[in-house]
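For the numbering used here, count along the sequence shown from 1 and bump the result up by 5. C-beta: ideal position from N, C-alpha, C; glycine also.
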Amino acid sequence: MLSSPPQSKVWAMKVMEEKRVLHLRDSCFVFHSKVHSIFFLRDYIHTTQITCPTFF
Numbered sequence: 006m007l008s009s010p011p012q013s014k015v016w017a018m019k020v021m022e023e024k025r026v027l028h029l030r031d032s033c034f035v036f037h038s039k040v041h042s043i044f045f046l047r048d049y050i051h052t053t054q055i056t057c058p059t060f061f
């Protein structure tokens, strides 16, 4: 019984750490997807600019 309060404190710290890690991972993922979409758009525009003149 006496060992339960510290145990719950350790568990709470673990939960907080996991939330922090998940938040970092999510924000990193969002950043990477934004960068990826920017590069994708740039490449898409680039390819269309290259291929469009050949159609006309």
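Could you tell me the alpha carbon to alpha carbon distance between residue i and residue j, rounded to whole angstroms?
i, j, result
"lysine 39", "valine 15", "36 angstroms"
"methionine 21", "cysteine 33", "18 angstroms"
"leucine 64", "phenylalanine 44", "As shown, the chain starts at 6 and ends at 61. That puts residue 64 outside it, with no answer to give."
"isoleucine 50", "phenylalanine 36", "21 angstroms"
"lysine 19", "valine 26", "10 angstroms"
"leucine 46", "proline 11", "52 angstroms"
"lysine 24", "aspartate 48", "36 angstroms"
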